[in-house]
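Below you'll find the structure, written out as structure tokens, and then a few comments.
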Amino acid sequence: MIDLKTLRDNPEAVRASQLARGEDPALVDALLAADERRRSTVAKADNLRAEQKIFSKSIGRATPEERPALLTRGKEMSAEVKAAEVEQNEAEVAFAAAHRRVPNIVQDGVPAGGEDDYEVLREVGQIREFDFEVRDHVELGEGLGAFDTERGAKVSGSRFYFLTGIGAQLQLGLLNMAAAQAMEHGFQLMITPSLVRPEIMDGTGFLGAHASEVYKLADDDLYLVGTSEVPLAGYHSNEILDLSSGPKRYAGWSSCYRREAGSYGKDVRGIIRVHQFDKLEMFVYTTPDQAAEEHQRLLGWEEDMLAKVELPYRIIDTAAGDLGSSAARKFDCEAWLPSQSRYLELTSTSNCTTFQARRLNTRYRDADGKPQTAATLNGTLATTRWIVAILENHQQPDGSVRVPEALRPYLGGKDLLEPVK
RNA sequence: GGAGGUGUGGCAGAGCGGCCGAAUGCACCUGUCUUGAAAACAGGAGUCCUGAAAGGGACCGGGGGUUCAAAUCCCUCCACCUCCGCCA
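Sequential numbering of the first sequence, starting at 336, is according to our numbering.
Put into structure tokens, the structure is as follows:
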């Protein structure tokens with residue numbers, strides 16, 4: 336939810352943000368009107384309640400003779416209060432709905448427009464020239480005995496897979512390396528629940544435009560998380576944090592579940608786009624004034640990981656229309672995919688400013704000891720998908736794959752993955 | 001799955017349907033005293049909404065109900081604890 340102070344003081348900025356996202360600026364005015372109405376109904380109900388309260392107390396002190404008359408008037412007042420409260424309630428529900436309809440205010444500098452209007456910030460690393468026919472990750476992975484998509488489909492359906500042997504090791508190694516790096520920088524490692532309550536899923540903003548992406552367990556009223564961002568954002572909900580000694584940084588390890596509704600025919604081959612994968616995710620709680628700086632740090636840590644696995648990549652500043660509802664800015668790191676001669680998203684880091692924390696009621700105490708809404712950020716350190724880029728970029732003419740040096744200690748020292756057939 | 005119990009402010013722990021936003025203790029902050037501290041004494045101290053402010057309203061696990069009036073009565077959900085059963 337956006338900050339109401341900003342909305343009241345500078346509605347023009349919020350309208351501009353809506354336009355940049357390609358969304359309706361009229362929602363801003365609807366929200367302002369709903370806010371106005373809510374405040375007036377609150378005032379009315381408060382006043383009636385105050386009157387009733389005083390009157391009610393006088394009944395307690397009244398003599399038995401005066402009571403019946405007082406009770407009659409008391410009943411009337413009670414009815415008046417109830418009516419005002421109904422009005423107040425309606426106004427508050429309408430206001431909350433209008434509030435939720437407005438996504439986070441886009442940060443200055445974010446390119447306007449949709450999916451294709453991103454800005455490339457920089458390209459890092461050298462794209463490799465191959466003097467042989469490149470294999471795609473599926474061919475490579477099957478040759479190495481790293482995964483089995485056919486049996487994945489047999490057992491669970493399309494977009495499911497088994498990581499087998501070296502593939503499983505590769506994923507564990509990768510995530511372990513990510514976990515080690517995170518811990519080095521002071522992150523607390525967390526293994527998080529994969530199922531969360533509705534209010535947590537809702538609070539993180541995933542039940543808005545992307546609700547169809549989320550698996551729901553209707554019988555149990557729980558949701559399967561699409562990233563550990565969800566449980567980590569819920570971790571401190573309804574709490575007042577002590578951020579006086581710096582940000583709270585968590586690194587969540589979890590399986591992630593996505594329905595991939597509407598992506599039929601997209602990345603159907605292999606393990607690029609799947610219903611279930613594993614991820615190591617950074618999640619940070621900090622103060623709003625430090626959020627932008629922290630965002631750059633998260634990006635830096637993502638780049639460190641990409642350097643460790645020796646992948647060429649570019650960084651894009653995602654366009655406003657392609658941001659999630661909670662994000663004010665998002666940077667993606669996309670690795671080069673030789674088999675398709677295109678870039679493939681490997682990491683994504685979002686600055687949610689106070690938007691997400693406001694919904695989840697996560698605050699901190701400022702220098703004056705007053706509670707203020709915290710800022711939250713998240714960013715990817717490694718996922719199953721990284722295996723795709725690693726296999727393709729480090730493949731050899733014979734179908735073997737060179738293991739990047741930094742990853743070797745996590746694979747028992749192995750420097751080459753060799754075909755099993 | 002069955003039976004029972006508990007849920008009050010940072011912690012501990014009172015609380016008769018009206019005088020309870022809530023006793024008391026500890027912890028905390030500020031003064032006095034002291035060279036400084038401790039002790040003692042005095043005072044302060046929750047969160048949210050609303051309001052320019054003064055003030056007003058709400059909050060005793062969450063939600064709903066009864067009542068002129070609910071921390072206190074009723075319903076429901078959630079969490080925790082104990083016992084029995086079952087499964088790992």
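Note that CB positions come from ideal geometry on N, CA and C, so glycine has one too. Note that the structure is a prediction, hence the values are computed from the model and not measured.
Query: So L507 is in the alpha helix (DSSP H); what residue range does that whole segment cover?; Result: I501 to E519
Query: Going by the beta-carbon positions, is the gap between A355 and A447 smaller than 8 Å?; Result: yes
Query: Where does P582 land, buried or exposed, given buried means 16+ other C-beta within 10 angstroms?; Result: buried
Query: Any chance the region 338-358 sits against the region 434-446, with 3 or more Cβ pairs inside 8 Å?; Result: yes
Query: Reducing DSSP to helix, strand and coil, say where F497 ends up.; Result: strand
Query: Between which residues of its own chain and T688 is the CB-CB distance below 7 Å, once the five residues before and five after are set aside?; Result: N439, P623, A626, A663 and A710
Query: Restricting to Cα atoms, I'd like to know which of D613, Q611 and E628 is closest to V619.; Result: E628
Query: How far does the beta strand (DSSP E) with M617 in it extend, from its first residue to its last?; Result: Q611 to T621
Query: Leaving out the 5 sequence neighbours to the left and right, which residues in its chain are closer than 8 Å to G508 when beta-carbon positions are compared?; Result: L742, Y745 and L746
Query: Could you give the residue range of the alpha helix (DSSP H) that holds Y570?; Result: E564 to Y570
Query: Once the 5 residues before and after A380 are set aside, which same chain residues still bring their CB inside 6 Å of it?; Result: A419, E420 and Q423
Query: Taking only the alpha-carbon atoms, compute the straight-line gap between A702 and Y592 and give it to the nearest angstrom.; Result: 40 Å
Query: To the nearest angstrom, report how far apart E616 and G704 are at their CA atoms.; Result: 31 Å
Query: Which parts of the region 420-474 are runs of the beta strand (DSSP E), unbroken and 3 residues or longer, counting only runs that do not cross its ends?; Result: 454-459
Query: I'd like to know whether the C-beta atoms of E669 and R694 end up nearer to each other than 8 Å.; Result: no
Query: Does L367 come out as helix, strand or coil in the three-state DSSP assignment?; Result: helix
Query: Please state if the CB of K665 and the CB of T684 are separated by a distance shorter than 8 Å.; Result: yes
Query: Restricting to Cα atoms, I'd like to know which of I526, R594 and N511 is closest to F541.; Result: R594
Query: I'd like to know if the region 465-473 and the region 600-611 are in contact, where contact means that at least 3 CB-CB pairs between them fall below 8 Å.; Result: yes
Query: Going by DSSP, what residues sit across from G737 in a beta bridge?; Result: The question names Gly, but residue 737 in the sequence shown is Arg. In DSSP, R737 forms a bridge with L751.
Query: Classify M336 as helix, strand or coil using the three-state DSSP reduction.; Result: coil
Query: Cβ atoms of F522 and T499: under 8 Å apart, would you say?; Result: no
Query: Please say whether R532 and L552 have beta carbons closer to each other than 8 Å?; Result: no
Query: Whose C-beta lies closer than 6 Å to the C-beta of F690 among residues of the same chain, with five residues either side of it excluded?; Result: N439 and S661
Query: Here's a check: name, in chain order, each residue in its chain whose Cβ is nearer than 6 Å to the Cβ of R384, leaving out the five neighbours to either side.; Result: V416
Query: With 16 other CB atoms within 10 Å as the buried threshold, where does R723 fall?; Result: One detail in the question is off: residue 723 reads as Val in this sequence, not Arg. With 16 or more Cβ atoms within 10 Å of its Cβ, V723 is classed as buried.
Query: Could you have a look at V531 and say whether DSSP puts it in helix, strand or coil?; Result: strand
Query: Would a C-beta distance cut-off of 8 Å place G569 and G538 closer than the cut-off?; Result: yes
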